[in-house]
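For the record, the sequence lines run as chains X and F.
Under the working numbering, think of the first position of the first sequence as 291, with each following residue one higher.
Under the working numbering, think of the first position of the second sequence as 291, with each following residue one higher.
Glycine included, C-beta positions come from ideal geometry on N, C-alpha and C.
These figures come from a predicted structure and were not determined experimentally.
Protein chains: 2
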Amino acid sequence: MEKEEPEDNFSEWYNDIIERTGLSDKRYPVKGLNIWPPYGWKLMRNIDQMIRKYFDSKDYQEVNFPTLIPESQFNKEAEHIKGFSNEVYWITHGGNDPLDEKLVLRPTSETAMYPIFSLWVRSHADLPLRIYQIVNVFRYETKQTRTFIRVREIHFIEGHTCHEDYQSAERQVSDDIEIWKNIADEVALPYIMGKRPDWDKFPGAHYTIGVDTFFPSGRSLQIATMHHYKDNFSKPYDIVYTDENGERKYAHQTTFGISERLVGAIVGIHGDKKGLILPPKVAPIQVIIVPIPGEGVIEYCKKLLKNLTEMGIRAKLDDRDQYTPGWKYNDWEEKGIPLRIEIGLREVRDNKVTLAYRTGGKKNMLIESFMSEVQNILNEIQEIIKKNAKEKMDSYIKFIDDIEKSDDVMPNAIYWCGSRECATKIEEKTGKSILSSSEEYGKCIICGEKGNKTIISKKY
Amino acid sequence: MEKEEPEDNFSEWYNDIIERTGLSDKRYPVKGLNIWPPYGWKLMRNIDQMIRKYFDSKDYQEVNFPTLIPESQFNKEAEHIKGFSNEVYWITHGGNDPLDEKLVLRPTSETAMYPIFSLWVRSHADLPLRIYQIVNVFRYETKQTRTFIRVREIHFIEGHTCHEDYQSAERQVSDDIEIWKNIADEVALPYIMGKRPDWDKFPGAHYTIGVDTFFPSGRSLQIATMHHYKDNFSKPYDIVYTDENGERKYAHQTTFGISERLVGAIVGIHGDKKGLILPPKVAPIQVIIVPIPGEGVIEYCKKLLKNLTEMGIRAKLDDRDQYTPGWKYNDWEEKGIPLRIEIGLREVRDNKVTLAYRTGGKKNMLIESFMSEVQNILNEIQEIIKKNAKEKMDSYIKFIDDIEKSDDVMPNAIYWCGSRECATKIEEKTGKSILSSSEEYGKCIICGEKGNKTIISKKY
Numbered sequence: 291m292e293k294e295e296p297e298d299n300f301s302e303w304y305n306d307i308i309e310r311t312g313l314s315d316k317r318y319p320v321k322g323l324n325i326w327p328p329y330g331w332k333l334m335r336n337i338d339q340m341i342r343k344y345f346d347s348k349d350y351q352e353v354n355f356p357t358l359i360p361e362s363q364f365n366k367e368a369e370h371i372k373g374f375s376n377e378v379y380w381i382t383h384g385g386n387d388p389l390d391e392k393l394v395l396r397p398t399s400e401t402a403m404y405p406i407f408s409l410w411v412r413s414h415a416d417l418p419l420r421i422y423q424i425v426n427v428f429r430y431e432t433k434q435t436r437t438f439i440r441v442r443e444i445h446f447i448e449g450h451t452c453h454e455d456y457q458s459a460e461r462q463v464s465d466d467i468e469i470w471k472n473i474a475d476e477v478a479l480p481y482i483m484g485k486r487p488d489w490d491k492f493p494g495a496h497y498t499i500g501v502d503t504f505f506p507s508g509r510s511l512q513i514a515t516m517h518h519y520k521d522n523f524s525k526p527y528d529i530v531y532t533d534e535n536g537e538r539k540y541a542h543q544t545t546f547g548i549s550e551r552l553v554g555a556i557v558g559i560h561g562d563k564k565g566l567i568l569p570p571k572v573a574p575i576q577v578i579i580v581p582i583p584g585e586g587v588i589e590y591c592k593k594l595l596k597n598l599t600e601m602g603i604r605a606k607l608d609d610r611d612q613y614t615p616g617w618k619y620n621d622w623e624e625k626g627i628p629l630r631i632e633i634g635l636r637e638v639r640d641n642k643v644t645l646a647y648r649t650g651g652k653k654n655m656l657i658e659s660f661m662s663e664v665q666n667i668l669n670e671i672q673e674i675i676k677k678n679a680k681e682k683m684d685s686y687i688k689f690i691d692d693i694e695k696s697d698d699v700m701p702n703a704i705y706w707c708g709s710r711e712c713a714t715k716i717e718e719k720t721g722k723s724i725l726s727s728s729e730e731y732g733k734c735i736i737c738g739e740k741g742n743k744t745i746i747s748k749k750y
Numbered sequence: 291m292e293k294e295e296p297e298d299n300f301s302e303w304y305n306d307i308i309e310r311t312g313l314s315d316k317r318y319p320v321k322g323l324n325i326w327p328p329y330g331w332k333l334m335r336n337i338d339q340m341i342r343k344y345f346d347s348k349d350y351q352e353v354n355f356p357t358l359i360p361e362s363q364f365n366k367e368a369e370h371i372k373g374f375s376n377e378v379y380w381i382t383h384g385g386n387d388p389l390d391e392k393l394v395l396r397p398t399s400e401t402a403m404y405p406i407f408s409l410w411v412r413s414h415a416d417l418p419l420r421i422y423q424i425v426n427v428f429r430y431e432t433k434q435t436r437t438f439i440r441v442r443e444i445h446f447i448e449g450h451t452c453h454e455d456y457q458s459a460e461r462q463v464s465d466d467i468e469i470w471k472n473i474a475d476e477v478a479l480p481y482i483m484g485k486r487p488d489w490d491k492f493p494g495a496h497y498t499i500g501v502d503t504f505f506p507s508g509r510s511l512q513i514a515t516m517h518h519y520k521d522n523f524s525k526p527y528d529i530v531y532t533d534e535n536g537e538r539k540y541a542h543q544t545t546f547g548i549s550e551r552l553v554g555a556i557v558g559i560h561g562d563k564k565g566l567i568l569p570p571k572v573a574p575i576q577v578i579i580v581p582i583p584g585e586g587v588i589e590y591c592k593k594l595l596k597n598l599t600e601m602g603i604r605a606k607l608d609d610r611d612q613y614t615p616g617w618k619y620n621d622w623e624e625k626g627i628p629l630r631i632e633i634g635l636r637e638v639r640d641n642k643v644t645l646a647y648r649t650g651g652k653k654n655m656l657i658e659s660f661m662s663e664v665q666n667i668l669n670e671i672q673e674i675i676k677k678n679a680k681e682k683m684d685s686y687i688k689f690i691d692d693i694e695k696s697d698d699v700m701p702n703a704i705y706w707c708g709s710r711e712c713a714t715k716i717e718e719k720t721g722k723s724i725l726s727s728s729e730e731y732g733k734c735i736i737c738g739e740k741g742n743k744t745i746i747s748k749k750y
C-alpha cells in the first residue's frame, strides 16, 4: 500500500503515525486521556530538560505546587473563573464522604500560586520572583480531542513572575520571548508571534502574545503564550510589596506557557510519508546503527556504539536477529531517527561508515572522520529540518488583497486596520481567526485604512 | 535561644527545620497538600534523577499514565478496592455537568495500567515488561498529616512488571532489592528489610517486602516496598500471554514503590541541632564558598567556583553583601550543605582553601591538592553521614527477651515464632507493630518455640 504524504489526509496520517511509532497510546478508556509509552515519554522528557535549561539560564527557579485548588481560592478571580469554570474537573468526595469544600483539578496554576505569592512577596527585595513548574493540568474539553493538541490531561510548562512595575514585567516578556526563540530552535519549529487581538487574550491578561505554527492541513496551532497580567491578579490575590520608600504597591505579573503541543507540532510539521522526522537535539535516539550481517560486523558496530555513547551521543545498535536490514531501515525511518549508520563487510574492511540522513541522502566516510564530524552532521540535519519546515510554512501563507480570495483552508496574510468591526467582517467572510500582526503596513483589506500585515487562519 | 537536638523534641524540630530551610511550604490552604519551593524541589529532583539511573540500568522503561481512573476500572479488583476505596478522591463533575462515569484520582496506578498491560502483553516475546513512572498520587488521608511522611498528594516512584511465571517475578523482586540498595547508598540511609507478616501486606499482593528506617523519635518509617503479585491482578485484568507452546497463561507481576518519604528520612535521620545534613550525592548544593572580605578574595572565590562547576561539582558562591561570614556559616549549615569553603586574605596569599565539613572538622589545604581531592572529600563526607546514621539506628534497637521489658517508644528486637497468635500478644503488650524478620533464630518471646529475630516498632 502506497503511504500517504501528510498533506494528503493530514488528520488520518497524524493519528496513525503517533500510534505506530509509540509516541502515544490512545486506548486508555477515558476520552482525551492518553498514555505516554516509553518512546513518546522520552521525547517529551528531552524537551522538558531542554526547556529547564533555558528557564534556569534566565533565573527562573523550578517549584511544584499542589494539583488541587479549593473552590474559594479558585473563585476569587472573577474574570479568571469566567475563563475556566466550564472546563474544570470538580472533586466533591473524599472516600465516601462529601468534602467540606470542593476542589478543582488545576486547569492552570494562577489560583493555586497567587495566594502563596502574597506570602512570598513582602518587599522590593523579594522581586523579581520568577518560578516555573512542569506539571500536568486538566481541562474538561468539550470539543473534539486530538493527541498532544487538545487533550484533557495536558503536560504543561508554566512560568509565573512578579515584578515591581509595568515596565519590569514587560522586560520579563522580552526575556520569555528570548527563551522561546531558543526552545523553537531546538525543536526546529517555524512560527509567527505577536499580540493577540484584545478579545482573544487570556482571561485576566492585560495583553497576550501568541506563538503559532502551521500544520500541513493549513490549520494553525498555538504552541506558546506569554501574558502580561499588569496588576489584574495581584489585586484580588493581594500580592503587595513595600517599595524603597516604604510605600505599599501591587506587583505586576507575567506568565509563560508551553505544552505537549510541541510534540504534536514536531510530528505534524517535520514528518513525511515515511513517518516521523525528529530534530537531533531532542530525539530519544540520535543515531541508529544497523548491521548487515557478516564477519566482524557486530564487533565493529559495538565499538562504534561505545565510542558514540562515550561522546554523549544518544546512539543505539539494532542487533535484532529476526529482522532484515531493509526492514530495520524502514522501522527506524518511521520512528524518525535523524541519522542511520549502515555497517556491512565493506565498511569493516575499509574502516568506513555508510550514513543515511533521515532528511535524505547517503554518504560514505572513514570512521575517524565520522567520529570527529558526528556532532556537526547532527547539527547539519537539525538545520535541514528547520529550513524545510520554515519553507513549508512560508509556502502555506498566501498574501491576499481581496477578502473574497481567501483560501478555503490554508492561512492567509492580509492588511488589517486593527478595528473590531473589520475583524468581525474578516472572520465572518473567511471562517478564519486573526492570529497576530507585524510591523508591515498596507491598506486594510476591509476599510482601506492603514493596516498591519496580519495572519489569519483556521485554528486547532 | 539554644537549639534543640532532633532527639529532644523530634516532631517540633522536624516541622521547624523543613520550613526554615525551604524544603516545603506548608501554608497551602488544603490539609495535607504542601508546596515544594525551589530548594526542596531541587533535592527531590536530584533524588528522582538518581532513581531513574538505577531503574534504567535494570531495563525498566519510563512511561506516564493518566492521573484519572474510571470507576468501573478501579472497582474491578475487589481486593484492591478494599484497600483504597475509603481514601480516594472522587471527581464527579466536569464543568457544571455530572460525569457519565465518576473518576478516581489515582492512589497508585495498578488499576490505570493493568487494562493496558492486557493489550501490551500478548506473547512470551513481550515479557518481561518493566515500566516505571514518577508521578503524584493522591490519598484522602484521615490520619494526622506530616510533611513528606503522610500527605494527601504524594510524589511517587512506581515500578510495575509482568513476567512469564512465579520464579521470573521473584527474580524481579531480587533485582528491585539491588536497585534499592544503590538508592539507599546514595541517600546514605540505614534500613531493615524483610517480608511483612501476611496480615500486613499490600492489598492484592502475594507477599510484600517492606523497607523501614527509624527516626530519632524511635518510630519506624516505611520508605520502600516491593510486592510479588503472583497472578492476583493479571486474572481480573486479563493480562494473558501465549507461551512458546501456544498455551495461554496469566502473567505474574511485581511492583516497587518509593516516595517523597526519602526526603523526610534524609531530614529526620541525618539532621542535627544545627539543621539539615544533606548527603553530597543528592544535595542541591554540594559546596558553598563563603568569602571573608579582603583584597582579591572575591576574584579568588569566583575562579574557584568556575573550576568546581566545570568539574561538575554543584557549587555556589555566597557573595551577598548584607551578611557577615559568621551569619552565612550558620545559614548554610542549617541548609545542610556538605562542604563549606572559607576564603580570606590568608587563603589568597598562601594559595589555600579552608574547609569546614558539615559533619564536623576543619581542614586547610593547598588549592591544587583540593581540586584533585574534592570528589574524594565529598565521598568521604557521604560515608561519614552513612556511618553516623547506621550507628544511630543500631543504637535505637535494643534486644529484649522479656516482653514486659519492651521500651516505651524505642523499637525492639525480639524472637518471634511467626504465628498470628503470638504476634497479637506482642502487639497488644507493646503497642508496636511487627516489621520484618531475619534469618537469626532463638526462642519466641511469647511461646518459647523456635523464632526469627524480628524488629517491632511504633510506626509513622
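Going by C-alpha positions, X/T744 is about 14 angstroms away from X/K715.
Within the region 345-357 of chain X, the residues whose Cβ lies closer than 9 angstroms to any Cβ of chain F are, in chain order, Q351, E352, V353, N354, F355, P356, T357. In the three-state reduction of the DSSP assignment, F/Q512 falls in the strand class, which pools E and B. Neighbours of F/V378 in chain X, taken as residues at a C-beta separation under 9 angstroms, are given in chain order as H383, G384, G385.
Taken through DSSP and simplified to helix, strand or coil, F/V353 comes out as coil.
Of all residues in the region 409-429 of chain X, only L409, W410, I421, Q423, V425, N426, F428 place a beta-carbon less than 9 angstroms from a beta-carbon of chain F.
The contact set of F/W326 on chain X, defined by CB atoms closer than 8 angstroms, consists of V353, N354, F355 in chain order. One alpha carbon belongs to F/D697, the other to F/T720, and they sit about 8 angstroms apart.
Note that the C-beta distance between X/M334 and X/V530 is not below 8 angstroms.
The alpha-carbon separation between F/P388 and X/V394 amounts to approximately 14 angstroms. Around the beta carbon of F/E302, fewer than 16 other beta carbons sit within 10 angstroms, so the residue counts as exposed. Assigned with DSSP and collapsed to three states, F/Y686 falls in helix. For secondary structure counted as the beta strand (DSSP E) over 3 or more consecutive residues, the region 551-638 of chain F holds these complete runs in sequence order: 577-581, 605-607, 629-633. Straight-line spacing of the CA atoms in F/H414 and F/N426 works out to 32 angstroms. The three-state reading of DSSP puts F/L409 in helix, counting H, G and I together.
Under the 10 Å beta carbon count, F/P628 is surrounded by 16 or more other beta carbons and is classified as buried.
If you draw a straight line from the Cα of F/R630 to the Cα of F/R648, it is about 7 angstroms long.
A residue is called buried once 16 or more other Cβ atoms fall within 10 Å of its Cβ, and X/R429 is buried on that count. F/M700 carries a coil assignment under DSSP once its states are collapsed to helix, strand and coil. No Cβ-Cβ contact shorter than 8 angstroms links F/E367 with F/E391. In this structure, X/Y686 lies near X/F504, with their beta-carbon atoms less than 8 angstroms apart. Taking a C-beta distance under 8 angstroms as the contact criterion, X/R551 and X/L511 qualify as a contact pair.
Any Cβ of chain X closer than 8 angstroms to the Cβ of F/R551 would place that residue at the interface, and such an atom is absent. For X/A703, the closest of X/I674, X/K733, X/K676, X/E711 by C-alpha to C-alpha distance is X/K733. X/R710: member of the alpha helix (DSSP H) spanning 710-720, first to last residue. Short of 8 angstroms from the beta carbon of F/R604, and not among the five residues preceding or following it, lie these beta carbons of its own chain, in chain order: A573, P574, I575, Q576, V577. Here F/M334 is not bridged, per DSSP, to any residue.
Cβ-Cβ separation between X/L417 and X/C452: approximately 6 angstroms, consistent with a contact (criterion under 8 angstroms).
With respect to X/F345, F/I325 sits apart: the two C-beta atoms are not nearer than 8 angstroms. Residues of the region 308-322 of chain F with a C-beta less than 8 angstroms from any C-beta of chain X: D315, R317, Y318, P319, V320, listed in chain order. Approximately 31 angstroms separates the beta-carbon atoms of X/Y318 and X/I421; this is outside 8 angstroms, ruling out the contact. For F/Q672, the nearest beta carbon of chain X is not closer than 8 angstroms to its own beta carbon.
Taking 8 angstroms as the threshold, the shortest C-beta distance from F/W622 to chain X does not fall below it.
Residue pairing by DSSP places F/Y497 opposite F/H518 in a beta bridge. Distance from the CA of X/Q665 to the CA of X/E589, rounded to the nearest whole angstrom, comes to 23 angstroms. Contact check for F/D521 and F/A495: beta-carbon distance about 12 angstroms, past the 8 angstroms limit, so the pair fails to qualify.
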